[in-house]
Structure formats: C-alpha cells, structure tokens
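Q:
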Amino acid sequence: MGPTSGHCGWNSTLESVWYDVPVGAWPLYAEQPLNAFELVKELGLAVDINIDGKDNQVVVSAEEIERGIRHVMKHDSDIRERVKEMSQQSKKALMDGGSSYSSLGRFIDQI
C-alpha cells in the first residue's frame, strides 16, 4: 500500500502503523501536532508536510505535499522500513504472550 497524508490524530496514527502505511504528517489542531512531531522527529515513521504550521499557512502548496509523498514512496525509504518494523512489533504485542495481551490479562485479573 502506498503512503497517505494524514492529520495525525491518534486513531489514524494507530491505523497507519498497524496497516504498514507511511504518512505525510499534516496536523491541524488539538493533539495532532504533538503526534506528528513524535512520528516525524522522534520515531522516524512519517515525513513532514506541514508539521509546524509554517508561517501560519492555511493552504499548503501542492509542491510541499508532493515532496513529502514522493519521499515516502521510494521503495528504499528508511521511513518505509521503520513503519514496516513498527507494524510487525505492534501486531506481536497483541498476540498471545505479547506485551499488550499480557497487560490486558493482568488488568482483568485485578478487577
């Protein structure tokens, strides 16, 4: 599957990682800029399209969007590789014996 541009809301962030889809980060408001910063700068799972509202732009140029999407479309993209690895790790976490699976079991035992 090819890349997409996204606002980096929490649900769409989880879905893009789960389905191994690289993202062009284009946050709008609320927690989205923080999520975008984490994805782009900290984890390297996305490319910056308009992460910091450059000069308070309301409209992002077609060239800026194209640049971001083309970057993650490259088959040898480091972002693509990191997203693939994170997708595999997230799926392992939900399997029997995975960290999320185990944590949920412990939570249920406590209630």
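In terms of the working numbering, the sequence shown is numbered consecutively and its last residue is 112. All residues carry an ideal CB built from backbone N, CA and C; glycine is no exception. What you are looking at is a predicted structure, and each value in this text was computed from that prediction instead of being measured.
Output the distance between the C-alpha atoms of residue 15 and residue 40, rounded to the nearest integer angstrom.
A: Cα to Cα, residue 15 sits roughly 11 Å from residue 40.
Q: Taking 8 Å as the threshold (C-beta atoms), are residue 36 and residue 9 in contact?
A: Their beta carbons are under 8 Å apart, which means residue 9 touches residue 36 by this criterion.
Q: Which whole-angstrom value describes the C-beta separation of residue 21 and residue 84, a residue pair presumed to lie in contact below a C-beta threshold of 8 Å?
A: Confirmed, Cβ separation roughly 6 Å.
Q: On the CB-based measure, 16 or more other CB atoms within 10 Å of its CB, does residue 63 come out buried or exposed?
A: Result: exposed.
Q: Consult DSSP for residue 41 and reduce its assignment to one of helix, strand or coil.
A: Looking at residue 41 - three-state DSSP - the assignment turns out to be helix.
Q: State the Cα-Cα distance for the pair residue 99 and residue 87, rounded to the nearest angstrom.
A: About 14 Å.
Q: Exposed or buried, residue 46, counting other C-beta atoms within 10 Å across all chains shown (16 or more means buried)?
A: When all chains shown are included, residue 46 counts as buried.
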